[in-house]
Ligand code: SAH
Ligand code: SF4
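Numbering (the working numbering), first residue to last: 953 to 1359.
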């Protein structure tokens, strides 16, 4: 049964338009110091505010007990403590997966998913949070529920960071700590890169959230200029590339951004990243029955990645309402993996988590938005079948890249 939580009593009612007050967790520490000084307060108060933001005990500005009451009120006039305060949580997989649906101050819906992995031989327990960087997504991958929703807006820095703070608070209540953050929720992180980099800086900073860079993964559908920017930053974060297909004709259909940055350019940028950082790039492949799981596709992928510092994750597709597609059968996925392994490419088959609560990105938000008509769904399915049949024959379409992307 869904569990509703509201943690921030400072926040005005949602749905009344976007709250103009920035979230505290998205501010540079120096901005807080400047505000405190301008308020005529001693600078050490800034540390007390920071302790409240980055600790796990406090849920609202009103509860910052170290601050004078009048200062708390002034702080709450200018800032929000939690920008994802209105959160609904659904638990599945016998408590191992927790899906959170966040309603932002303007009513936009985004999701995060917390996954618990118990300790195993030689392996400590992990608690991984998958977060969103945008409400909706402009890339429009047809197998993705977020892609079908279209693009609503970029998230603010604090809206990204606060998904993490919320999960950390929930974990801390059980004496546990968040170990990994992955940008694999809604949105294309490299199309909101400035905000994503600010969020990552806050998460990584030992004086703020303090999560090691290696424990932060940024996933992209292949925004090549953004990938180059990440590489230039140095050996920081793990890069994951949503590959899905090695042949342009098919990847044009599965990841429409491919028409702007074709697969060879994406792989070249990923190879340069691996070389510059010495870190393996992961490639994600959503396995769709009869669409991208053929031997031909496995061999094309093997040719593309052979000799690269790469790790491939094969993930059975979570069914989404508007497509006729389903996950590939497990034997097919195993055969695909074997062909990659034969040429020395490390390949893992991932089991999908939280399917029954819609843990693929965007599924819960899609459920809550207006249902498309049966005719619209039928038309969309027909178009996808035609497009994938043409792609399997190797034909590239002449459609332009998605609107607003990569200009
Ligand atoms: N936009 C970025 C990050 C968010 S999507 C990207 O595409 O990389 C995160 C991952 O979820 C991607 O690898 C995407 O391909 C995968 N995904 C989306 N819909 C899915 C579905 N229905 N089943 C399985 N994986 C899916
Ligand atoms: Fe956007 Fe990623 Fe979904 Fe594609 S898979 S539509 S890039 S969120």
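Glycine included, C-beta positions come from ideal geometry on N, C-alpha and C.
Remember, predicted model here, so these are calculated numbers, not experimental data.
Pairwise C-beta distances place the region 1187-1202 in contact with the region 1157-1172, as three or more of them are shorter than 8 Å. The Cβ atoms of residue 1085 and residue 1064 do not sit closer than 8 Å to each other.
If you check the CB distance, residue 978 and residue 1113 come in under 8 Å.
Cα atoms of residue 1264 and residue 1249: separation of roughly 14 Å, rounded to the nearest angstrom. Looking at the DSSP output, residue 1075 sits in a beta bridge with 1072. Around the Cβ of residue 972, a 10 Å sphere holds fewer than 16 other Cβ atoms; the residue is exposed. When beta bridges are read from the DSSP output, residue 1106 appears opposite 1086. The nearest non-hydrogen atom of the ligand SF4 is less than 7 Å from the C-beta of residue 1207. Assigned with DSSP and collapsed to three states, residue 1048 falls in coil, not helix or strand. Look at residue 1341 here: in three-state DSSP terms it is helix. By the CB criterion at 8 Å, residue 1251 and residue 1291 fall inside the cutoff. Distances from the CB of residue 969 to the heavy atoms of the ligand SF4 are all 7 Å or more. In this structure, the beta-carbon distance from residue 1289 to residue 1266 falls below 8 Å. Around the C-beta of residue 1137, 16 or more other C-beta atoms lie within 10 Å, and the residue is accordingly described as buried. Of the candidates 1057, 1260, 1022 and 1229, 1057 places its Cα closest to the Cα of residue 969. Beta-bridge partners assigned by DSSP to residue 1012: none are found. Environment of the ligand SF4, chain-ordered: 1089, 1091, 1093, 1096, 1098, 1099, 1140 and 1173, taking every residue with Cβ within less than 5 Å of a heavy atom. Residues of the same chain with a CB within less than 7 Å of the CB of residue 1156, apart from the 5 flanking positions on each side, are 1163, 1165 and 1168 in chain order. Collapsing the DSSP output to three states places residue 1191 in a strand. Of the other Cβ atoms in all chains shown, fewer than 16 fall within 10 Å of the Cβ of residue 1300; this residue is therefore exposed. Residue side-chain check: residue 1103 keeps its Cβ at 7 Å or more from all non-hydrogen atoms of the ligand SAH. For the set 1061, 1214 and 983, the Cα lying nearest the Cα of residue 1103 is the one of 1061. Beta-carbon to beta-carbon, residue 1239 and residue 1279 are separated by about 6 Å, close enough to satisfy the 8 Å threshold.
Selection 1225, 1054 and 1068 evaluated against residue 1107 yields 1054 as nearest (Cα-Cα). Counting C-beta atoms within 10 angstroms of its own C-beta, residue 1215 has 16 or more neighbours from the protein chains shown and is therefore classed as buried. Between residue 1179 and residue 1225, the gap from beta carbon to beta carbon is short of 8 Å. Spatial neighbours of residue 1339 in its own chain (CB-CB distance under 6 Å, excluding positions within 5 residues in sequence) are listed in chain order as 1205.
Rounded to the nearest whole angstrom, the C-alpha separation of residue 1093 and residue 1235 is 16 Å. Looking at 1001, 1257, 1159 and 1270, the one whose alpha-carbon comes closest to that of residue 1297 is 1257. Take the alpha-carbon of residue 996 and the one of residue 1172: they are about 40 Å apart. Linking residue 1255 to residue 1194 through their CA atoms gives a straight-line distance of about 17 Å. Relative to the non-hydrogen atoms of the ligand SAH, the Cβ of residue 1011 never comes closer than 7 Å to any of them. Excluding the 5 residues flanking it on each side, residue 1077 has same chain C-beta neighbours closer than 7 Å at 1069, 1070 and 1071, in chain order.
Residue 1010 sits close to residue 1016, with the two beta carbons spaced by under 8 Å. The residue among 1150, 1268 and 1223 with its C-alpha nearest the C-alpha of residue 1262 is 1223.
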